[in-house]
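Numbering (numbering that gives the first Met the number 0), first residue to last: 0 to 283.
Idealized CB from N, CA, C, for every residue including glycine.
Just so it is clear, the structure is predicted and the values come from calculations on it, not from any experiment.
Quick notes on the structure that follows.
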Amino acid sequence: MTAHPLQEIPYVTINATLDRLVLSTPQGPAMADFYARAFALAAQPDGPHWLCEGPQRHLHLRPGAKNRLLESHFRLDDPAALGALQQRIRATGTEVHVDLDRADGAFWVADPDGRRVFFSIGPQMQAAAQPGLQARLQHYALRSPAPMTLAQFYIHALGFVPSDWVRDAQGSVTAVFLRTDALHHALAIFRAPTEGFDHLSCETHDWNALRDWADHMAREGILLDWGVGRHGPGNDTFFMVKDPDGNWAEISAELEHCGPERPAGEWPHAPQTLNRWGHAPMRS
Ligand SMILES: [Fe+2]
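See the structure below:
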């Protein structure tokens, strides 16, 4: 890993944590049943929608195409910081939509692919520290044929901080990992032939807890699709299962905590970057 030359990118994060994702799916009942079993969530229908809720894990499903992320929701714990973030985003010329039904300053913006990114006030999510099947929704990943278009938006308009870049032999970006707080990434963007959702990830507290989650998947008859492995960027141990729509869903442990002066790293586009321990499916 070597330092990245883009010195104009700030290292100070917006101090936001991921709170909820909203996916579209053509098979809401099957997807809700999967996430209820795999991630120990309570799934409730809400009209045509499904609300899958657990402690620090919130996933909503709406009717639509598969492999699509409709919304990501981030929380900040400081109203002044939320207001400053809104001003900062407006200053970049990005259209900001204020939720007039709420008095807490919540707002959303659309990313270049039309997904809505929400910011509101709420308690910061904490790392799961209790024994047992604890994990919190912590990051998600997108696929794009033009990863730099998305990365430029999230970095320069929203203030996400790049932790690591992955480049191919020609120097083109094939992945970037962006953080919104001290944890290595809240969002990863992978180069892929088609645009879409890649995976969500719940962070558990340690290696033993990752084992317990794998045992839980076994009891539910859900086979691990990738891993157990260790990612290069982020240095977390992980495994992936696949939901009925073909999205990956990850349990991760011991993701790197980044200090405020940590320079962005550079990694080669190779399977060993995505999994230090072995096999890695390449998105491009
Ligand atoms: Fe991940």
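- Taking Arg67 as the centre and dropping the five residues before and after it, the same chain places the C-beta of Leu22, Ser23, Gly195 and Phe196 closer than 7 Å to its C-beta, in chain order.
- With at least 16 other beta carbons inside 10 angstroms of its own, His198 counts as buried.
- Near ligand 1, residues with a Cβ at less than 5 Å from any of the ligand's heavy atoms are Ser200 and Glu249; the list follows chain order.
- Per the Cβ contact rule, the stretch 167-183 is not in contact with the stretch 97-108 (fewer than 3 Cβ pairs under 8 Å).
- Proximity to Ala217 across Ala80, Leu17 and Arg36 peaks at Arg36, based on C-alpha coordinates.
- Apart from the 5 residues on each side of it in sequence, Ile221 sits with its Cβ closer than 6 Å to the Cβ of Ala37 and Val240 in its chain, given in chain order.
- About 19 Å separates the Cβ atoms of Leu60 and Gln137, ruling out a contact at the 8 Å cut-off.
- Ranked by how close their Cα comes to the Cα of Pro243, the residues Asp224, Ile250, Cys257 and Pro232 have Asp224 in first place.
- For the 8 Å CB-CB criterion, Glu202 and Leu149 do not form a contact.
- Closest by C-alpha distance to Ala29, out of Trp49, Glu249, Asp45 and Ala248, is Trp49.
- For Pro262 against Thr193, the beta-carbon gap comes to about 32 Å, at or over 8 Å, which does not count as contact.
- No Cβ-Cβ contact shorter than 8 Å links Pro146 with Val116.
- With contact defined as three or more Cβ pairs closer than 8 Å, the stretch 159-169 and the stretch 201-215 are not in contact.
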